[in-house]
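Read in order, the letters of the sequence shown correspond to residues 78 to 444 in the numbering used here.
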Amino acid sequence: MRGIPGLFSTWAVLTRPVGMRSIEHGVMKSDEAVLVLASRRRALTGSSRSLSRGYRNGTLVRVRAGVYFGKAAWLSLKPWQRYRTTMAAVAAVDPSMTFCYLTALRIWNLPCPGVPTHIHVITSSRHKAGKASPTTAAARDAKTGKTGIEHVRSYGLSRHFWLVHSVQYQGFAVTTLPQTVMDCMVRLEIPDAVAIADAVLGPRRGPGEALTRQQLLDAAAGLASAAKRRHIQEVLALADEASESVGESRSRAFIHVLGLPAPVLQHVFHDREGFIARTDFFWPEAKVIGEFDGDAKYLDEVLLAGVSTQEAILAEKKREDRLRALGYKVVRWDWKTLSTPDVLRQRLIAAGIRPQKTPPCGQDPRA
């Protein structure tokens with residue numbers, strides 16, 4: 078998620094006057110999707126008692142000490158949005174807080190393996206390092222004894238005593254891009270690390286948001302652990318900036334870890350009618366085409382480009398029919414398949430892909 082539209086993509090949005098409308102005009106409503114700081118309200122109105130009342134009567138959630146959010150709006154957020162909201166609340170309480178590891182990865186708009194369980198920050202004290210429980214809270218209903226937020230995950234802090242260099246990005250203090258990438262890639266399994274490498278090397282990154290392969294190799298050379306250096310080298314050997322999605326990146330890494338030969342990426346096919354498709358994966362010797370089907374292909378309005386989901390599915394079927402008519406086999410898989418990689422392996426082997434004789438490096442996700 079690159080940000081929550083109309084919310085707090087940066088610290089500036091948190092403090093903009095338009096974001097404080099409910100502070101200056103009446104009581105904050107339960108469905109208002111805006112963080113409100115008690116200190117800010119006191120500065121503007123002389124009192125923050127209405128926030129305390131809103132918390133007690135169940136219309137507000139206290140995300141962090143002194144930071145509130147409309148309860149109905151909180152419950153309507155998706156997990157990634159609640160995570161980013163909590164991150165913004167942490168920054169609201171302490172703007173000097175430096176975010177790191179998986180939290181920094183999200184701030185840098187790089188793919189993260191699921192929603193992290195904690196907000197990762199840097200501490201200057203070894204004794205303060207460690208994990209803290211979530212502080213997000215809501216008042217209990219007098220009749221039911223429930224807060225209403227029991228079924229949604231809250232996020233505590235994970236403090237890391239690391240030597241870091243920080244920069245300002247999207248309004249947050251965050252570890253530098255090279256350090257963020259290294260911190261994550263050395264701790265994550267190959268499929269997740271490859272997805273990060275593909276993204277940060279990719280041509281779609283903006284100025285200051287991309288790294289070169291040499292920059293990553295230079296950063297890896299500074300790692301004290303030989304095992305970590307080898308891990309990064311293996312990831313970079315697999316990385317390919319031609320990959321067009323996280324699903325494709327993870328698929329290609331799993332194909333490697335599962336002991337299958339590397340496919341050709343983004344191969345273009347034609348027939349007598351002309352252009353057919355540019356496919357995700359292609360094994361020329363086996364005449365097998367592989368396609369990762371992410372949900373966005375059929376649901377995202379931008380990717381659909383004005384056609385309906387039904388029209389997109391029909392067009393995909395016609396393209397596949399033309400490929401099969403040329404003698405190719407087409408194997409499709411989705412996110413669910415990637416959660417059980419052995420299923421992917423079985424499908425590809427059944428289509429004619431022969432496992433490599435030399436076992437690959439890296440951790441087998443089936444283990």
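Ideal Cβ placement from N, Cα and C applies to all residues, glycine included.
Three-state class that DSSP yields for residue i in the structure shown
| i | result |
| --- | --- |
| residue 351 | strand |
| residue 293 | helix |
| residue 447 | Because the chain spans 78 through 444 in this model, residue 447 falls outside it and cannot be assessed. |
| residue 236 | strand |
| residue 357 | strand |
| residue 141 | strand |
| residue 187 | coil |
| residue 228 | coil |
| residue 319 | coil |
| residue 341 | strand |
| residue 209 | coil |
| residue 214 | strand |
| residue 288 | coil |
| residue 278 | helix |
| residue 251 | strand |
| residue 175 | strand |
| residue 114 | strand |
Endpoints, the alpha helix (DSSP H) within which residue i is located
| i | result |
| --- | --- |
| residue 148 | 148-153 |
| residue 406 | Unbroken run through residue 406 is the beta strand (DSSP E), 406-410; no alpha helix (DSSP H). |
| residue 427 | 418-428 |
| residue 170 | 156-170 |
| residue 133 | 126-133 |
Cut-off 6 Å between Cβ atoms - residues of its own chain near residue i, not counting five sequence neighbours on either side
| i | result |
| --- | --- |
| residue 209 | 233 and 234 |
| residue 325 | 357 and 369 |
| residue 213 | 140 and 231 |
| residue 306 | 297 and 300 |
Cα-Cα separation between residue i and residue j, rounded to whole angstroms
| i | j | result |
| --- | --- | --- |
| residue 401 | residue 407 | 7 Å |
| residue 226 | residue 138 | 9 Å |
| residue 160 | residue 136 | 20 Å |
| residue 394 | residue 387 | 11 Å |
| residue 267 | residue 418 | 13 Å |
| residue 121 | residue 250 | 26 Å |
| residue 127 | residue 145 | 11 Å |
| residue 398 | residue 131 | 59 Å |
| residue 427 | residue 421 | 10 Å |
| residue 330 | residue 337 | 10 Å |
| residue 294 | residue 171 | 34 Å |
| residue 312 | residue 194 | 25 Å |
| residue 149 | residue 164 | 19 Å |
| residue 133 | residue 203 | 37 Å |
| residue 118 | residue 359 | 59 Å |
| residue 260 | residue 222 | 42 Å |
| residue 263 | residue 304 | 9 Å |
| residue 332 | residue 158 | 31 Å |
| residue 252 | residue 391 | 45 Å |
| residue 320 | residue 192 | 22 Å |
| residue 310 | residue 291 | 11 Å |
| residue 258 | residue 123 | 44 Å |
Own chain, CB closer than 7 Å to residue i, minus 5 neighbours either side, in chain order
| i | result |
| --- | --- |
| residue 347 | 353 |
| residue 316 | 271, 274, 275 and 278 |
| residue 102 | In this prediction, residue 102 scores a pLDDT of 40, lower than 50, which makes its location untrustworthy; the coordinate-derived value is nonetheless stated afterwards. The answer is none, since no qualifying residue turns up. |
| residue 169 | 91, 112, 114 and 144 |
| residue 361 | 341 |
Start-to-end residues for the beta strand (DSSP E) that takes in residue i
| i | result |
| --- | --- |
| residue 246 | 243-246 |
| residue 258 | Per DSSP, residue 258 belongs to no beta strand (DSSP E); it is in the alpha helix (DSSP H), 254-262. |
| residue 220 | No beta strand (DSSP E) contains residue 220, which DSSP labels as neither H nor E. |
| residue 367 | 365-369 |
| residue 195 | 195-199 |
Contacts around residue i, its chain only, beta-carbon distance under 8 Å, and the 5 residues preceding and following it disregarded
| i | result |
| --- | --- |
| residue 364 | 404, 405, 406 and 429 |
| residue 206 | 200, 236, 237 and 238 |
| residue 424 | 408, 410 and 414 |
| residue 116 | 125 and 143 |
| residue 382 | Confidence in residue 382 is poor, its pLDDT being 49 and thus under 50, which makes the residue's placement unreliable; the coordinate value appears in the next sentence. Contacts found: none. |
| residue 265 | 190 and 273 |
| residue 198 | 167, 174, 175, 176, 177, 180, 234, 235, 236 and 237 |
| residue 196 | 160, 163, 164, 167, 176, 180, 232, 233, 234 and 235 |
Any chain B beta carbon closer than 7 Å to residue i
| i | result |
| --- | --- |
| residue 120 | The structure shown contains no chain B, having only a single protein chain. |
Cβ contact (3+ pairs, closer than 8 Å) linking the stretch 168-181 and the stretch 221-231
no
Three Cβ pairs or more, each shorter than 8 Å: is that satisfied between the stretch 277-286 and the stretch 332-351?
no
Segment contact flag, the stretch 337-344 with the stretch 292-302, C-beta cutoff 8 Å, min 3 pairs
no
Would you call the stretch 215-222 and the stretch 237-256 in contact, with 3 or more CB pairs under 8 Å?
no
Are at least three pairs of beta-carbons, each pair with one atom in the stretch 112-132 and one in the stretch 140-152, less than 8 Å apart?
yes
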